[in-house]
Every structure is written in C-alpha cells, then in structure tokens.
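Chemist: Here it is: the structure, laid out below.
There are 2 protein chains.
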Amino acid sequence: MTISEVSEKYELSQDTLRYYERIGAIPPVHRTKGGVRDYTEVDTGWIELVKCMRSAGLSVEALVQYVRLTQEGDSTLLERRELLNEQREQLMGQLEAIRMAKERLDYKISRYDEALKTGILKWD
Amino acid sequence: MTISEVSEKYELSQDTLRYYERIGAIPPVHRTKGGVRDYTEVDTGWIELVKCMRSAGLSVEALVQYVRLTQEGDSTLLERRELLNEQREQLMGQLEAIRMAKERLDYKISRYDEALKTGILKWD
DNA sequence: TATTGACTTAGAGCGAACTCCAGATGATAT
DNA sequence: ATATCATCTGGAGTTCGCTCTAAGTCAATA
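Shown next, in the form of structure tokens:
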C-alpha cells in the first residue's frame, strides 16, 4: 500500500504518516527497493492503533515509548503493561472530566432553552 | 481574594489566571484602587467554569467567544446556546473516542496480563 | 528517452496554550 | 522611611503536534 492510499484510508496526511514514523510512534515501515514506503498490514495496524490512541488524547510521546519497548522484545512486557495501565488511568480521568463538563453544559443549555422559550431571564 | 489565593484554590498558575483574563477567556477581574486583582465570587465562578471546560478539552478560543457573547448582552442568547450545543457535540465525540480507545487498551492489557501470568506469548 | 507525477529527506514554520522574564509598581512590616 | 515581598504589564520563550517547503529521487507513461 502506498502512502497516498494509507493517507486516504486512515484520513491522516502523508506528512503526518511520515512524521509518526520519523519520531517512532510507529515502527519503521516496509520499503520497496527504491526506498519508497510500501505499507504492509502490520504497518497499517500500527497506523490504526496510533490514530485510535491519538484521537483519545494519548500523547505522541507515550506512543513512541510503547513502540520503543515493543522493539526491545519480551523483556519489556511488564514495562509495556505498566505503560498501558498508566494511559488507561489517564483516559479514565479524561472520561470523568468530560462527563462533568457535559453535565454542566447540559444544565446551561437547558437554562438557555428555557430563557429562549419563555423570554424570561433568571440568570445566576 | 488575591491572585495567589485563587491560584492555590483552583490549582492554576498566576500566569495562567492572568493569561485567561488577558485573552478574554474570563471577563475582566475586579481590581483594588492600586490596580491589583481582587477576585469576587463572580470572578472565581468564571475561573471554575473555564477550568472545568478546559480540562474537558474545550478550546480557549471557544471560551473567549462565549465570554464575548455574554458581554454583549441578551441579544446573543441564541448564539450562545448554539455555541454551547456545538461544544457539547464535540465532547460527545471525544467521549466516544475515549471509550473506544479504552476498550482497546483494556483488551491489550488483558493480553499482557495473560502473557505475564502464563509466560506464554501468543501475539497478534 | 523525456517528461510528468508521486515519493523522498531534512529542516523550517506554525498555531495553541501556556510559561517565563524583566522591570515597574503596590502593599506591608519594622 | 525603608526594606521586603507580592503583584503588575508587555513581551519573549517553550512545548506539542503537526504542516509546509525545497530540493532531490523514483516510477510510470508517451
């Protein structure tokens, strides 16, 4: 798969795909003899993982670390689980922050709805 | 309330508090004759709102817009509700992204737990 | 074979959200 | 009054995560 195909499929710019590889957020991508990227399913699997995790707010740095550990082999299994656990905790926190903000927004919106419907403004 | 007290209470640096005010993410804060900030309850209410929304991922720009609209008075009620609704939608999307990432992390972690417990690595 | 178009790298540039700094001014305790 | 400390402003600096540019190389087509 060429970079433009991967870019299309995962809706990530070619620049971003190269960037992720350059900094190590994904392992080195398979290349043709000429040095052109030719993504395998393993490669795109990593892309998908990174896209998923980034969209949830994991830092690029955390992904780089994770990839580095996987490259180092089985001796880092424990460390990798720790890293994933930490990130999981982060996500749980973020989930809670969003839940709270949403609650607050819902309340505010309901007040606006009320005010717009009745024309009466009882503001706090 | 002085800026150092507010900074302490809301765990936001004094620089950040001044920054939020400077760019308009909160309305102008009450001052003493000497020009020193003296936060009222209304002021800290805004601080709390901004902290809540920022921690959930709302952009500073969105908050600036919201504050600007509130300053313009009742004619912007509808526009403000629209803005809050948009932000709410964003949060819902973010919630879903995090849910999905968490699911994936949970699965991966369970695989690591298994591997670490049994010593058997059946990797995909 | 020439030319077009996709791809390559290294490195600079950019927007968001702070964060830090310098120099001035305000508040307080002796 | 003076020393000390907190706070002020304007502006520069930092970090993150891309995004763009330039100049060169690879690949497919006429």
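Protein chains in written order, with the working numbering: chain R, 7 to 130; chain Z, 7 to 130.
Cβ atoms here follow ideal geometry from the backbone N, Cα and C, with glycine treated the same way.
1) Check the Cβ-Cβ distances between Q100 of chain Z and every residue of chain R, and say whether any is below 8 Å.
2) Does the separation of the CB atoms of Q74 of chain R and I115 of chain Z fall below 8 Å?
3) Could you check if R37 of chain R is buried or exposed, using at least 16 other CB atoms within 10 Å of its CB as the buried criterion?
4) Leaving out five residues before and five after V12 of chain R in sequence, what residues of the same chain have Cβ atoms less than 7 Å from its Cβ?
5) Among R:E14, R:L69, R:V35, R:C58, which residue has its Cα nearest to the Cα of L101 of chain Z?
6) Does at least one heavy atom of the ligand MN sit under 7 Å from the Cβ of S81 of chain Z?
7) Alpha carbon to alpha carbon, what distance is there between V48 of chain Z and K15 of chain Z?
8) I'd like to know whether the C-beta of G63 of chain Z is nearer than 8 Å to at least one C-beta of chain R.
9) Just to make sure I have the definition right: I need the residues of chain Z whose C-beta is within less than 9 Å of the C-beta of M106 of chain R. Which are they?
10) Report the neighbours of Q71 of chain Z on chain R: residues whose CB is nearer than 8 Å to its CB, in chain order.
11) Please identify the residue among R:L83, R:R110, R:E95 whose C-alpha is closest to the C-alpha of I126 of chain Z.
12) Would you say A103 of chain R and S61 of chain Z are within 8 Å of each other, going by their C-beta atoms?
13) DSSP has R37 of chain R in a bridge; who is on the other side?
14) Work out the CA separation of D119 of chain Z and T8 of chain R for me, nearest whole Å.
15) Using Cβ-Cβ distances below 9 Å, what residues of the stretch 13 to 28 of chain Z are close to chain R?
16) Which value, in whole angstroms, describes the spacing of the CA atoms of I32 of chain R and V56 of chain R?
17) Identify the continuous alpha helix (DSSP H) that holds S13 of chain R and give its terminal residues.
18) Taking the alpha-carbon positions, what's the S10 of chain R to G41 of chain R distance?
19) Where in the stretch 48 to 77 of chain Z do unbroken runs of the alpha helix (DSSP H), each at least 4 residues long, occur, reported from the N-terminal end onward?
20) Does any CB atom of chain Z fall closer than 8 Å to the CB of Q132 of chain R?
Modeler: From the atom records:
1) Within the second sequence, residue 100 of chain Z is the residue found at index 94, counting from 1. Yes, Q100 of chain Z counts as interfacial toward chain R.
2) Numbered from 1 along the first sequence, position 68 holds the residue referred to as residue 74 of chain R. Numbered from 1 along the second sequence, position 109 holds the residue referred to as residue 115 of chain Z. Reading the sequence as shown, one finds Arg at residue 74 of chain R and not Gln. Not closer than 8 Å, so no.
3) Taking the first residue of the first sequence as 1, we reach residue 37 of chain R at position 31. Exposed, by the Cβ-count rule.
4) Taking the first sequence and counting its residues from 1, one reaches residue 12 of chain R at position 6. Contacts found: L23, Y45, T50, I53.
5) By one-based count along the second sequence, residue 101 of chain Z stands at place 95. Ranking R:E14, R:L69, R:V35, R:C58 by Cα distance to L101 of chain Z puts R:C58 first.
6) The ligand MN is not part of this structure, which contains no ligands at all.
7) In the second sequence, counting from the first residue as 1, residue 15 of chain Z sits at position 9. In the second sequence, counting from the first residue as 1, residue 48 of chain Z sits at position 42. One C-alpha to the other measures close to 15 Å.
8) Looking up residue 63 of chain Z in the second sequence gives position 57. G63 of chain Z counts as touching chain R.
9) Here the question's residue 106 of chain R lines up with position 100 in the first sequence. Chain Z residues near M106 of chain R: C58, S61, A62.
10) Sequence index remark: in the second sequence, residue 71 of chain Z carries index 65 (1-based). Within chain R, no residue comes near Q71 of chain Z; the closest Cβ sits about 14 Å away, beyond 8 Å.
11) Stepping through the second sequence from its first residue, residue 126 of chain Z is reached at position 120. It is R:L83 whose Cα lies nearest to the Cα of I126 of chain Z.
12) Working through the first sequence from its first residue, we reach residue 103 of chain R at position 97. Working through the second sequence from its first residue, we reach residue 61 of chain Z at position 55. For A103 of chain R and S61 of chain Z, yes; Cβs fall inside 8 Å.
13) As a working note, residue 37 of chain R is residue 31 in the first sequence. DSSP output for R37 of chain R lists R:R43 as bridge partner(s).
14) Position 2 of the first sequence, counted from the first residue, corresponds to residue 8 of chain R. Position 113 of the second sequence, counted from the first residue, corresponds to residue 119 of chain Z. Roughly 36 Å between the two C-alpha positions.
15) none
16) The count along the first sequence starts at 1 and reaches residue 32 of chain R at position 26. The count along the first sequence starts at 1 and reaches residue 56 of chain R at position 50. Going by the C-alpha atoms only, they are around 7 Å apart.
17) As a working mapping, residue 13 of chain R is identified with position 7 in the first sequence. Residues 9 to 16.
18) Numbered from its first residue, the first sequence carries residue 10 of chain R at position 4. Numbered from its first residue, the first sequence carries residue 41 of chain R at position 35. So the alpha carbons of these two residues sit roughly 15 Å apart.
19) 66 to 77
20) It is not possible to answer for residue 132 of chain R, since the shown part of chain R is limited to 7 through 130.
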